[in-house]
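Numbering (our numbering), first residue to last: 3 to 263. Notes follow the structure.
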């Protein structure tokens, strides 16, 4: 009887040991499968992220190419046509002289002024699409001009590095577009009375900053595409830069790009 109980106990212990070992092996196998699946999913996500990033880069490049094309068309075709129309209208007004009554003279004068205003608007559009100062004088002067244009709407406090910033043309264009989009957002949404625009060189990087004292917003609820934030973020990521967006209801908004150099 005692022998039988001992044998049964030993058999039970061996069975429990075998079950435990199988459970350990099963857990190890499950962990291995999970690790393999996680690695596969991470690789898939990373590949998809790279694919989307490349698509966004191609889209940004295509947008810039289209901007340049439209700018050339406006400058070469529209600009020339408007200038010729203004010259013809001025000649016609002088030629008619006293042969027409004052009302027609006034209409001709208004026509000339309207054409002149359209020429000025066309030039501003061309400058927005393809900023000439950016290529000719560099990023600091292009930003200074951008800030001065914006001062028509509200005061702009500007701070720039005293010497030229060592950036590639592509980096300069990316920072200029972020500043341009940020100021456009201030004009459209911020209800601000003042804005600060700065480009400061720090050890190993340059920092572009646009700050306003407007109504602010909840950054968790912002529609990224509607405010151009997604485009700004991608422009920064193209050069391993970091976009910082900080805002709070009633306390204004700050957008910064930290770009390594």
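All residues carry an ideal CB built from backbone N, CA and C; glycine is no exception.
- For residue 90, the three-state secondary structure derived from DSSP is helix.
- Rounded to whole angstroms, residue 95 and residue 76 show a C-alpha spacing of 26 Å.
- Scanning 207, 200 and 204 for the CA closest to the CA of residue 214 turns up 200.
- The closest CA to that of residue 222, considering only 249, 16, 216 and 204, is found on 249.
- Residue 195 and residue 88 have their alpha carbons spaced roughly 38 Å apart.
- Residue 203 is positioned such that its CB atom lies closer than 9 Å to that of residue 167.
- Note that the C-beta distance between residue 198 and residue 246 is not below 9 Å.
- Residue 169 sits close to residue 263, with the two beta carbons spaced by under 9 Å.
- Here residue 230 has 183 as same chain residues with Cβ atoms under 6 Å from its own Cβ, once five neighbours each way along the sequence are excluded.
- Between residue 218 and residue 253, the C-beta gap is smaller than 9 Å, which places the two residues in contact.
- Looking from the CA of residue 68, the closest CA among 128, 111 and 212 belongs to 128.
- Taking 4 residues as the minimum length, the alpha helix (DSSP H) runs contained wholly in the segment 51 to 137 are 81 to 98 and 104 to 131, in order along the chain.
- Here residue 99 is exposed. Its C-beta has fewer than 16 other C-beta atoms within 10 Å.
- Using a 10 angstroms sphere on the CB of residue 181, the tally of other CB atoms reaches 16 or more, which defines it as buried.
- Rounded to the nearest whole angstrom, the C-alpha separation of residue 109 and residue 82 is 23 Å.
- Judged by DSSP secondary structure, residue 256 falls outside any alpha helix (DSSP H) and instead within the beta strand (DSSP E) spanning 255 to 262.
- By the C-beta density criterion, residue 19 is exposed, having fewer than 16 other C-beta atoms within 10 angstroms.
- Unbroken beta strand (DSSP E) stretches of 3 residues or longer found wholly inside the segment 152 to 240: 158 to 162, 197 to 204 and 207 to 214, given in chain order.
- Sorting 233, 112, 164 and 136 by C-alpha distance to the C-alpha of residue 171 places 136 at the top.
- In the DSSP assignment, no residue is bridged to residue 24.
- In the structure shown, residue 243 adopts coil according to DSSP, grouped into three states.
- Around the beta-carbon of residue 255, 16 or more other beta-carbon atoms lie within 10 Å, marking it buried.
- DSSP lists 255 as the bridge partner or partners of residue 249.
- By the neighbour-count criterion, in which a residue is buried when 16 or more other Cβ atoms sit within 10 angstroms of its Cβ, residue 61 is exposed.
- Around residue 80, the same chain offers 124 as residues with beta carbons nearer than 8 Å, after the five sequence neighbours per side are excluded.
- Residue 66 sits away from residue 141, with the two beta carbons spaced by 9 Å or more.
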